[in-house]
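Q:
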Amino acid sequence: QGQEKAGDTVGNETCITCHEDVGKRFAKNPHVLTGGKKPYKQNSAECESCHGPGAQHAENPTKENIVSFKSLKPLEASEKCLSCHRQDKTQIHWAGSAHAEGRAGCTSCHSMHGAAPSSKALLARPKATELCLTCHTNLARALNARSRHPLLEGKMDCASCHNPHGSVTESLVRRNSVNELCYTCHAEKRGPHLWEHSPVKENCLNCHNPHSSNFESLLVAQTSRLCQQCHMQGRHQTIPSKANEPWVFSRACMNCHPKIHGSNSPSGPIFQR
Amino acid sequence: QEATEPEPTTPEPVQTPSPWQVDTFTFDNNGILGGFQFVDVDGDSAKFEEYRTVPSGGFVDSLRFADTNADGSRMFDARAWNVGRIDARYTLKARLGPVSAIGFYDQTPHLYSVHARPAFSSPAPGELRVPDPVQAAFEALDDTSNGQAGADNPLIPPLGFLYASTFPETVLDVQRNTGGGAANIAILPNWNLGGYFSDEQRDGTKVTSAGSYDRQAIGGSGTAHTGDYFRTPDLEMPEPVSYSTKLYGVSMDFSGPSFVVEGRADLSTFDNDVPYLVFDNPFRITNLASTAFRQRFAEGISPLPPDNQTEEFTFSGAVRLPLRTSLSGSFSWSNWEQNEAFAPYTLNSAISVPAGFDVTNPANLPVSSLDGKVSINSQNVVLSSRPVDFVTATARFRRYDYDDESREILFPGYAAGSESSWRTNIEGEPIENVPKDYTRTRWGLEAIVRPLPILDIDASYASNDWDRTHRTVNENHEDIWTIGARLRMARSLFARVSYAYTSRDASIYDPGLEFALLRDFDVAARVQDTYDAQFTWSPLPSLTLGGNVSYVQTDFPESPYGLQSNEYLSGGLDVTFAPLPVFGIGAFWARESLDEFMKSIAKDDNIGGTNWLPSNAWNDNTANVINAYGVNMFGDFGNGFHYDLRYSATQGHANFDASNPNGLPTKLFTAIAYPWPEITDNLYTLRVKLSYAVTKALTVGVRYWYENFQLSDFMTDVMVPYMFDRVPQDLVDVRRAYYLDATYGSYTVNVGTVYLSYVF
């Protein structure tokens, strides 16, 4: 089980004799609609390209006599897929990545036969966000939080920021750094600016939680408390304040220091202009 | 030969929708879904339509038209969502022989407010003017005859409210429209040439703020000085947004049986059509030159995000070596540039500066622009090997070098205190920008051992080093040790646990102008324990349970002040049960909490010889929680009737608990820690859908959607357009401010929909 069985191939027609439903659905599968490419040994997508020679199974149709992906562990299933897809540039960073080596496998997310025809990349769920949340269930809290990105509206999904096939950055972030990723959509904050705010320039996540927040602008904490964690230079930065004071309500510290992402004003060394 | 394949006659596998599931629809085949809806919004529609538009009337929700030949060498796939609306999306995929391409046009609104009350008009982009009578009226309210900003004049608050109430309600929003495309050409077997382009336009207005500093000492100087009061510290404005971001890229990849390599070049440009914001100060019609007060401005200037661009070149590849070994790597070089012309120091001619020096003339700047340049080099290599079935070993190396090569500029001074005075140093330091660099180097080793076919055990070590310039800590070293185990019983049960211990050291602390005992949390020494667990279990083919939890405890042992510790917990559970193809139920629960503990000490401004008195110490505990849960059910009544019910709730709250650990301060009243109100935000959503399949192609349905959002946030609830307040804490401290009143609020929405879908 899981290993290809020695013996002859029998061809699709024989398989479809019993697996009629799968065969019909597979006619519109990307593995068939390859655009004229012939990446298979048999020149066309055959059931046995993935499931191995089927003669034994045809004679004695048990799971043990065929490569059944339902029985394979993710690591083994992925090896089958990678035998072809290793040449795909999207898999360059797969080896050693967070989902590789059996943590998850290709068939954990992709359904070769069961995916909805409209789904992108044969995902096992209609939408990428739904799929990711089947394992990352904790992130279901993020979709309806007070402050969030527009995932519910379908304008983004988890794969907008994360590459599930591996990346060079932690947390499978798609770019070389978290900040470079954020600047893809927020290029106005990229700079370089005349006056830079070091924690901002080094990591957006010092102040923002990209998944969800109880505070505006995906901040990890109430604005003035967040600033006070690192600033005690002047007197007004150090007072605990009542709730109805201008350095607490509205934009808090940013009421007067609005250019906190960096200023290009000659009068902006403390981000007031 | 064109394909005329019949559509599948067999049903698709059962997909149990989750309660939070995105309620957008995509046809698996050609079709159209549209209808008519009635929308009733009670409350703040801006929050309800923050990233979408839900209008009453007719709509086309989803449209698809696609065709392909038998082998897919000729195909097209046109799709549209929210047709004709400002949150629409259109895509077109096509393939013709070796050429495949995709084009898209996406519209995303970001609605900030539908009831902002700006005092400003905008005669030209980047120019905000307040009518002279309004400025004069507000200025007249600034009764300084007793030095307390009209605190004793009972007419002032009502008059201010009256003026502000005459400003017309305005919508503040930014519309993001992006169009683009990508193409790939198989130029030779195993050679692909690709390219992409996108053009994003953002237009509209969002909220920005500016201080209009005005401060006086209370009690005089020296030991008599007990605090300060501020009169006009806050000002909100509608900031114009007119951004254009363009992305271009080309790539070439080549692959063989055991390798793939790719080279690519990317260019990103950002252009802002409005470089500066010039604005009237609603509280002043004339500049005020004074020696007793700061020189308040009548007209301010604030630069908006500068034009910039980046170029990046990346070379990546992976090769399969013997013994099931993979070597992969990525090397990139990028350059960032920004050279927007500087604005003048200020437009406030009342500021006292050396004779003959005009601060309003940009020609008096030492240079006209930054000539900003950043170069980034990134190198990443991963070697992973599984020489035998029961062992996998992985080694990683990563280096990210951010080098800011921008010009260093020494300024003679700057318009400080929000353009109210000229300052030639900051606590004795010259006014000079200092470009900051950093390099992060990370390497690690990981081993996975599989002692049993169902069990994986892994252990890893990673080293993280930061090397920075001009930070409070320039060098950090971090060790990360991780152990974990995974259990997998065929496909029915998967469980994973892991623990990570992280220890970060810091080199010498140099707080600079900050309090010597303060430590910035992002560079301070820290110890972190991370526990993770996850499981999925399918005891029956129709029943799936899943869950995960992550707990992170972080301490900053070398931080006398600043963030001391935090605890992060994030977890979730999900259950789906679909015993029949025509019936399923599901439920989920998820939670995130972050508890933070910080220490600070109210600065006493050198009164009595020290700034930092233990009696002025205060601590804060913030507990921040998001809790979400929901249930859903779907099924068939038979005879073509289908139902789908979903309910979900998301409840967030933040609690603040500040205290004085050494007792109530008796000397410095601003050191007294007061409790803050709780912030709460709750969203309840109910969706009910009933449909009837008239024919195999035609379905009609009705949908009811209820949404209730409740927001209580002291940070925004207290705001009104004109604020004038005697602060109880100070008794003599009187402030006034002008706000747009563009805050989000609560709402209740009922949406009724009649729809029809037709598959053709």
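Going down the list, the protein sequences come from chains A and B. Position one of the first sequence corresponds to residue 1 (my numbering), numbered consecutively onward. Position one of the second sequence corresponds to residue 274 (my numbering), numbered consecutively onward. For every residue, glycine included, the Cβ atom is placed at its ideal position computed from N, Cα and C.
#1: DSSP state of B:Asp783, grouped into three classes?
#2: What are the boundary residues of the beta strand (DSSP E) that includes B:Met988?
#3: Answer yes if the stretch 742-749 of chain B comes into contact with the stretch 718-726 of chain B, meaning at least three C-beta pairs across the two stretches below 8 Å, and no otherwise.
#4: How is A:Leu152 classed by DSSP in three states: helix, strand or coil?
#5: How would you write the range of the beta strand (DSSP E) that B:Phe663 sits in, first residue to last?
#6: Looking at the structure shown, is A:Asn255 part of a helix, part of a strand, or coil, going by DSSP?
#7: Is B:Tyr965 closer than 7 Å to B:Phe914 when the C-beta atoms are compared?
#8: List in chain order: all unbroken alpha helix (DSSP H) runs of 4+ residues lying wholly within the stretch 18-74 of chain A.
#9: So, at 6 Å on beta carbons, what are the nonlocal neighbours of B:Thr712 in its own chain, with the 5 sequence-adjacent residues on each side left out?
#10: Three-state secondary structure (DSSP) at A:Gly102?
#11: Between the stretch 792-805 of chain B and chain A, which residues of the former have a C-beta closer than 7 Å to a C-beta of the latter?
#12: Please check the pair B:Ile952 and A:Asn214, which I expect to be a contact at CB under 8 Å, by giving their CB distance rounded to whole angstroms.
#13: Within the 7 Å Cβ cut-off, does B:Gly307 reach chain A?
#14: Please report the distance separating the alpha-carbon of A:Gly114 from that of B:Gly304.
#15: Residues of chain A with a CB under 7 Å from the CB of B:Tyr324: which are they?
#16: When burial is assigned at 16 or more other CB atoms within 10 Å of the CB, is B:Asp405 buried or exposed?
#17: Check each residue of the stretch 662-678 of chain B: if its Cβ is closer than 7 Å to any Cβ of chain A, include it; give the result in chain order.
#18: Judging by CA-CA distance, which residue of B:Ser335, B:Val312, B:Ala319, B:Lys320 is the nearest neighbour of B:Pro328?
#19: With respect to 6 Å, is the separation between the Cβ of B:Pro852 and the closest non-hydrogen atom of the ligand SAM below this value?
#20: If I'm right that B:Leu550 touches B:Ser517 with Cβ under 8 Å, what's the distance once you round it to whole angstroms?
#21: Beta carbon of B:Leu369, beta carbon of B:Arg337: below 7 Å?
#22: Tell me the DSSP secondary structure of A:Trp195 in three-state form.
#23: Using a Cβ-Cβ cutoff of less than 6 Å, which residues in the same chain neighbour A:Cys47 once the five nearest sequence positions on both sides are dropped?
#24: Closest by CA to B:His388, which one among B:Phe1033, B:Ala1015, B:Asn1023?
#25: B:Val592 to A:Ala124, Cα distance in whole Å?
#26: Looking at chain B, is there any beta carbon in it that lies within less than 7 Å of the beta carbon of A:Ile16?
#27: Can you name the residues of chain B whose CB is closer than 8 Å to the CB of A:Phe271?
#28: State whether the stretch 621-637 of chain B contacts the stretch 204-218 of chain A, with contact taken as three or more CB pairs (one from each stretch) at a distance under 8 Å.
#29: Just by C-beta distance, which residues in the stretch 364-377 of chain B are closer than 8 Å to chain A?
#30: At the level of alpha carbons, what is the spacing between B:Thr587 and A:Ala187?
#31: According to DSSP, is B:Asp631 part of a helix, a strand, or is it coil?
#32: Mind pulling the alpha helix (DSSP H) runs of 4 or more residues that sit fully within the stretch 298-377 of chain B?
#33: Is B:Val235 near B:Phe670, with beta carbons less than 7 Å apart?
#34: According to DSSP, simplified to helix, strand and coil, what is B:Pro513?
#35: Helix, strand or coil for B:Thr953, going by three-state DSSP, please let me know.
#36: Take every Cβ of the stretch 766-785 of chain B, pair it with every Cβ of the stretch 806-823 of chain B, and state whether three or more of those distances are shorter than 8 Å.
A: Taking the definition as stated:
#1: Walking along the second sequence from the start, residue 783 of chain B turns up at place 510. B:Asp783: coil per DSSP, three-state reduction.
#2: Within the second sequence, numbered from 1, the residue matching residue 988 of chain B stands at position 715. Counting along the chain, B:Met988 falls outside any beta strand (DSSP E), though it belongs to the alpha helix (DSSP H) covering 987-990.
#3: no
#4: Counted from its first residue, the first sequence places residue 152 of chain A at position 152. DSSP, read as helix, strand or coil, puts A:Leu152 in coil.
#5: As a working note, residue 663 of chain B is residue 390 in the second sequence. First-last for B:Phe663: undefined, no H or E at that position.
#6: Working through the first sequence from its first residue, we reach residue 255 of chain A at position 255. Helix at A:Asn255.
#7: For the purposes of this step, residue 914 of chain B is identified with residue 641 of the second sequence, where counting begins at 1. For the purposes of this step, residue 965 of chain B is identified with residue 692 of the second sequence, where counting begins at 1. Cβ atoms of B:Phe914 and B:Tyr965: closer than 7 Å.
#8: Taking 4 residues as the minimum length, the alpha helix (DSSP H) runs contained wholly in the stretch 18-74 of chain A are 20-26, 47-51, 55-59, in order along the chain.
#9: By one-based count along the second sequence, residue 712 of chain B stands at place 439. These residues qualify, in order along the chain: Asp674, Asp740.
#10: Start at 1 with the first residue of the first sequence, and residue 102 of chain A comes out as number 102. Here A:Gly102 sits in coil by DSSP.
#11: Only Asp793, Phe794, Asp795 from the stretch 792-805 of chain B bring a Cβ to less than 7 Å from some Cβ of chain A.
#12: Locating residue 952 of chain B in the second sequence gives position 679, counting from the first residue. Locating residue 214 of chain A in the first sequence gives position 214, counting from the first residue. Sure, about 6 Å apart at Cβ, within 8 Å.
#13: Counted from its first residue, the second sequence places residue 307 of chain B at position 34. Closer than 7 Å: no.
#14: To locate residue 114 of chain A, count along the first sequence from 1; it is residue 114. To locate residue 304 of chain B, count along the second sequence from 1; it is residue 31. Each residue's Cα considered, the two are about 21 Å apart.
#15: Here residue 324 of chain B refers to the residue found at position 51 of the second sequence. Result: Pro150, Glu153, Lys155.
#16: Sequence index remark: in the second sequence, residue 405 of chain B carries index 132 (1-based). Result: exposed.
#17: Result list: Thr665, Thr667, Arg669, Arg671, Tyr673, Asp677.
#18: Locating residue 328 of chain B in the second sequence gives position 55, counting from the first residue. It is B:Val312.
#19: With respect to small molecules bound, the structure shown includes none, and the ligand SAM cannot be examined in it.
#20: As a position in the second sequence, residue 550 of chain B is number 277, starting the count at 1. As a position in the second sequence, residue 517 of chain B is number 244, starting the count at 1. At roughly 18 Å, the Cβ-Cβ gap does not stay under 8 Å, so B:Leu550 and B:Ser517 are not in contact.
#21: As a working mapping, residue 369 of chain B is identified with position 96 in the second sequence. As a working mapping, residue 337 of chain B is identified with position 64 in the second sequence. No, the pair does not count as a contact, with Cβ atoms beyond the cut-off.
#22: Numbered from its first residue, the first sequence carries residue 195 of chain A at position 195. Of the three classes helix, strand and coil, the one that applies to A:Trp195 here is strand, per DSSP.
#23: The residue given as residue 47 of chain A occupies position 47 in the first sequence. Closer than 6 Å at the Cβ level, and outside the excluded window around A:Cys47, lie Asn12, Cys15.
#24: In the second sequence, the residue the question calls residue 388 of chain B occupies position 115. Looking at the Cα atoms, B:Ala1015 is the closest of the given residues.
#25: Sequence index remark: in the second sequence, residue 592 of chain B carries index 319 (1-based). Sequence index remark: in the first sequence, residue 124 of chain A carries index 124 (1-based). Spanning the two alpha carbons is a distance of roughly 29 Å.
#26: Within the first sequence, residue 16 of chain A is the residue found at index 16, counting from 1. Not closer than 7 Å to any Cβ of chain B, the Cβ of A:Ile16 fails to qualify, so no.
#27: As a first step, residue 271 of chain A is located in the first sequence; it is residue number 271 there, counting from the start. Neighbours of A:Phe271 on chain B: none; closest Cβ ~11 Å, over 8 Å.
#28: No, because fewer than three Cβ pairs between the stretch 621-637 of chain B and the stretch 204-218 of chain A fall closer than 8 Å, the two stretches do not touch.
#29: Arg368, Gly370, Pro371, Ser373
#30: Locating residue 587 of chain B in the second sequence gives position 314, counting from the first residue. Locating residue 187 of chain A in the first sequence gives position 187, counting from the first residue. Going by the C-alpha atoms only, they are around 20 Å apart.
#31: Walking along the second sequence from the start, residue 631 of chain B turns up at place 358. Coil at B:Asp631, not helix or strand.
#32: 318-321
#33: The structure shown has nothing for residue 235 of chain B, since chain B only spans 274 to 1033.
#34: Sequence index remark: in the second sequence, residue 513 of chain B carries index 240 (1-based). The answer is strand: DSSP assigns B:Pro513 an E or B state.
#35: Reading the second sequence from its first residue, position 680 is the one you call residue 953 of chain B. Reduced to three states, the DSSP call for B:Thr953 is strand.
#36: yes
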